[in-house]
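In full-length UniProt numbering, the protein residues as written are 1 to 299.
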């Protein structure tokens with residue numbers, strides 16, 4: 001059987017079935033009657049079925065013609081939806097966007113950026129994956145995530161990294177710690193303190209920045225514990241197991257028994273950046289980058 005059926009022929013058939021008159025159908029389609037008749041004849045040949053009973057005075061649908069009406073409408077509707085979906089995907093308006101983030105970056109800015117982008121592109125499915133910066137860089141290279149919110153501490157020739165936020169680091173310590181009595185704390189006061197950091201083997205950017213701040217102050221921090229969750233870090237601090245250098249925004253996470261103190265000058269800073277594979281030209285990704293840039297610029 002010949003299945004070489006053109007969509008235009010189905011559209012022509014539906015107009016004729018609505019008008020039940022070849023002349024009026026031709027006028028509606030802005031063509032002359034002979035090419036309209038040829039289209040119907042070709043469709044009947046392709047389907048091996050007569051669609052209309054027609055003579056000089058009347059046109060009637062056959063059983064096959066009546067059956068084709070529903071099918072033709074469904075086919076054309078499906079094609080139209082498919083074309084719209086493809087066009088939307090090409091513009092980055094539909095699809096799945098996988099976003100990585102390091103836990104220390106997630107308290108305020110990341111959820112807000114995701115919310116704003118979701119409102120702009122409601123048909124984009126955003127999936128978030130929490131992972132340390134080092135793990136994100138690997139995932140970006142493997143295209144397992146499209147974009148990551150990282151705390152940068154190394155460069156990668158394959159990746160673009162764009163800083164979106166800088167904030168001072170602060171000290172989280174037990175409320176009954178001797179240093180808690182001070183309004184401001186020098187890093188050199190922490191030489192003999194026990195530090196809690198994120199997982200270094202996974203490339204935790206916050207850990208790398210905290211360790212670098214101590215090194216810049218002239219000492220190597222004594223790390224006694226590594227944790228993957230900020231709440232666990234704060235829990236350990238609350239019971240006196242150590243201290244931690246954290247982003248200022250982490251103060252929004254209230255934990256009984258934990259107090260925060262600013263660091264005296266020179267104040268160590270932590271950066272938050274977005275990173276993506278430089279050769280990734282996906283409009284799905286580019287739209288998200290635009291959302292981030294515009295939101296940050298308006299703040």
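Backbone N, C-alpha and C fix where the C-beta goes; we use that ideal spot for every residue, glycine too.
Checklist entry - Assuming residue 133 and residue 271 make a contact with CB atoms under 8 angstroms, what is their CB distance in whole Å? => result Rounded, the Cβ-Cβ distance is 11 angstroms, inconsistent with contact.
Checklist entry - For residue 257, which of 177, 216 and 10 has the nearest alpha-carbon? => result 177
Next on the checklist: Is the beta carbon of residue 95 closer than 7 angstroms to that of residue 241?
Outcome noted: no
Item to check | Enclosing beta strand (DSSP E) for residue 129 [first to last residue] | outcome: 124–130
Item to check | Endpoints, the beta strand (DSSP E) within which residue 35 is located | outcome: No beta strand (DSSP E) holds residue 35; the alpha helix (DSSP H) holding it covers 33–47.
Next on the checklist: So residue 7 and residue 79 are supposed to be a Cβ contact under 8 angstroms. How far apart are they, rounded?
Outcome noted: 6 angstroms
Checklist entry - Would residue 139 pass as a contact of residue 100 if the rule is Cβ separation under 7 angstroms? => result yes
Item to check | Within 7 angstroms, strictly: CB atoms of residue 207 and residue 191 | outcome: no
Checklist entry - In terms of residues, what are the limits of the beta strand (DSSP E) holding residue 102? => result Residue 102 -> no beta strand (DSSP E), and no H or E assigned at all.
Checklist entry - Comparing alpha-carbon positions, which option in 266, 273, 269 and 243 lies nearest residue 259? => result 243
Checklist entry - Which same chain residues, not among the five before or five after residue 214, have their C-beta less than 6 angstroms away from its C-beta? => result 221
Next on the checklist: Check for me: the alpha helix (DSSP H) holding residue 275 runs from which residue to which?
Outcome noted: Run containing residue 275: none in the alpha helix (DSSP H); it sits in the beta strand (DSSP E), 269–277.
Checklist entry - DSSP state of residue 85, grouped into three classes? => result helix
Checklist entry - Using 8 angstroms as the Cβ pair cut-off and three pairs as the minimum, do the region 9–26 and the region 54–66 touch? => result yes
Checklist entry - Between the C-alpha atoms of residue 158 and residue 137, what's the straight-line distance to the nearest angstrom? => result 10 angstroms
Item to check | Selection from 50, 135 and 165 that minimises the alpha carbon distance to residue 274 | outcome: 165
Next on the checklist: Along the chain, where does the alpha helix (DSSP H) containing residue 301 start, and where does it finish?
Outcome noted: Nothing about residue 301 can be reported from this structure: the residues present for the chain run from 1 to 299 only.
Checklist entry - Is DSSP giving residue 168 helix, strand or coil here? => result strand
Checklist entry - What is the rounded straight-line gap between the Cα of residue 62 and the Cα of residue 41? => result 14 angstroms
Item to check | Rounded straight-line distance, which links the Cα of residue 249 to that of residue 102 | outcome: 14 angstroms
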